[in-house]
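Colleague: The structure is given below, and queries will be raised subsequently.
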Amino acid sequence: MSSAVRLIRNHRLTQAVDYAYGAAVDAPVRSLWLAGACPLDAEGRTVAVGDHEGQAHQVMRNLIAVLEGEGAALTDLVRTTVYVASAEQSDLVKVWEVYRSYLGSHDVPSTLLGVSVLGYADQLVEVEAVAVLSSTGPEGGREGAQSAASRASSFA
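This is the structure we're talking about:
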C-alpha cells in the first residue's frame, strides 16, 4: 500500500534544499502526533553520551519503533522537527545527515533547530513528528515500514 502523503515542491523556490516545502494528504486519513523521540534505551538510559551522531541513530530507531507499533513507516511522516542541543552548526549538520539517511528519498518537510538544552540528562538530540496514514485498512503504511526497518538495522 502506498503512503497517503504527497510531498509538495515549488518551482519558484530553491531546489537546493534536501526536504520538501510541504506535505498534502488528499484522502480519508488517520493522524499520528508523536512526542519527541529521545535517545533512550529500553531501560530509560540516555545512550551515546556526548555523541550527536550516536544519539541521532538511537532517536531514529525509537521513532521507527513508535511508527511501526501503529502500522506506520517513515514514509507516512508529513512533518518533523529535529532538535539538537548545540550552538555549533557542524553538530546540527551531523545530526541532519543521520536523520536524512533514515528517510531515504522521503524528504519530509522538517525544521532543524539548535537549542541550549533538552529534557533528559546528557540528551543532545530529539525528533518530534506527525504522520498520516490512509484509513483504507489496518495495514495502511506497513509497506514502507519494512524499508524503514531495514535502514534502521543497517545502522544498528
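Taking the working numbering, I'd label the letters of the sequence shown as residues 79 to 234. Glycine residues also receive a C-beta, built at the ideal position from the N, C-alpha and C atoms. Quick caveat: nothing in here was measured; it's all calculated off a predicted structure.
(1) Under 8 Å by Cβ, that's how I've got Val144 and Val103 pegged, so tell me the actual separation to the nearest angstrom.
(2) DSSP has Ile86 in a bridge; who is on the other side?
(3) Give the DSSP-derived three-state secondary structure of Gly219 in the structure shown.
(4) Does His135 pass the burial test, meaning 16 or more other C-beta atoms within 10 Å, or should it be called exposed?
(5) Which complete alpha helix (DSSP H) runs does the region 153 to 180 hold, if anything under 4 residues is left out?
(6) If distances are taken between C-alpha atoms only, which option among Thr92, Arg178, Ser183 comes closest to Val160?
(7) Taking only the alpha-carbon atoms, compute the straight-line gap between Ala151 and Gln167 and give it to the nearest angstrom.
(8) In the DSSP assignment, the beta strand (DSSP E) including Leu191 goes from what residue to what residue?
(9) Looking only at its own chain, which residues have a Cβ that is under 7 Å from the Cβ of His89, when we skip the five neighbours before and after it?
(10) What residue range does the beta strand (DSSP E) around Leu110 cover?
(11) Excluding the 5 residues preceding and the 5 following Gly132 in the sequence, name in chain order all residues of the same chain whose CB lies nearer than 6 Å to its CB.
(12) Just how far apart, CA to CA, sit Pro235 and Glu206?
(13) Tell me whether the beta-carbon of Ser188 lies closer than 8 Å to the beta-carbon of Thr158.
Modeller: This is what the structure holds:
(1) Position 66 of the sequence shown holds residue 144. Position 25 of the sequence shown holds residue 103. Not quite, the Cβ-Cβ distance comes to about 19 Å (not below 8 Å), so this is no contact.
(2) On the sequence shown, residue 86 is found 8 positions in, with the first residue counted as 1. BP columns for Ile86 point to Gly100.
(3) If you number the sequence shown from 1, residue 219 lands on position 141. Legend: pLDDT at Gly219 = 41, less than 50; position of this residue unreliable, value from coordinates given subsequently. In the structure shown, Gly219 sits in coil (DSSP, three-state: anything other than H, G, I, E or B).
(4) The sequence position of residue 135 within the sequence shown is 57, counting from 1. By the neighbour-count rule (16 or more Cβ atoms within 10 Å), His135 is buried.
(5) none
(6) Translated into the one-based positions of the sequence shown, residue 160 becomes position 82. When each option's Cα is compared against that of Val160, the closest is Arg178.
(7) Residue 151 sits at position 73 when you count from the first residue of the sequence shown. Residue 167 sits at position 89 when you count from the first residue of the sequence shown. Roughly 29 Å between the two C-alpha positions.
(8) Translated into the one-based positions of the sequence shown, residue 191 becomes position 113. 188 to 193 is the span of the beta strand (DSSP E), which, as asked, contains Leu191.
(9) Start at 1 with the first residue of the sequence shown, and residue 89 comes out as number 11. Excluding residues within five positions, none has a Cβ falling inside 7 Å.
(10) Position 32 of the sequence shown, counted from the start, is the residue given in the question as residue 110. Start and end: 107 to 115.
(11) Locating residue 132 in the sequence shown gives position 54, where the first residue counts as 1. Excluding positions up to five away in sequence, the list reads Ala126.
(12) This structure leaves residue 235 out entirely; the chain is present only between 79 and 234.
(13) Walking along the sequence shown from the start, residue 188 turns up at place 110. Walking along the sequence shown from the start, residue 158 turns up at place 80. A contact, by the Cβ cut-off of 8 Å.
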